[in-house]
């Protein structure tokens, strides 16, 4: 698969999952059962035919007893991108260290909402943030204070 293919990164992550799975001598079915999906979902991940969410990648890492960083492929990047990649990896490492599940959900919701703020107006982004925080179980009073 060529590096300029849009699914290349999905494929590379899938290959890292496969490599770690095989190192543990797990079948696709074994891993699927550990994370609560069907075996064919693992198959699609490993072939790069399905994107793996950060939450799912974290579940896979836990099931395989590896760091989530171990599932992120190494590759060369241009100098321009190296800072952003380093910053992204730093965020992943910090996210991984959060033990409180409610706090993890809040962080995840804020990150996913940040993308919405790029694409939508400020008001729509605030609504999206509020919805995600509600889904994460944050109290309405706190959401109101955070989003006005």
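Numbering (the numbering used here), first residue to last: 91 to 238. We put the CB at the ideal spot given by N, CA and C, even for glycine.
Candidates 141, 148, 222 and 139: closest to residue 200 by CA position: 222
Beta-carbon contacts of residue 228 that lie in its chain and below 7 angstroms, excluding the five residues immediately before and after: 196
Of the listed residues 98, 159, 193 and 224, nearest to residue 179 (C-alpha basis): 159
DSSP three-state assignment for residue 202, whether helix, strand or coil: helix
Close beta carbons around residue 124, own chain, < 6 angstroms, minus the five adjacent residues each side: 153
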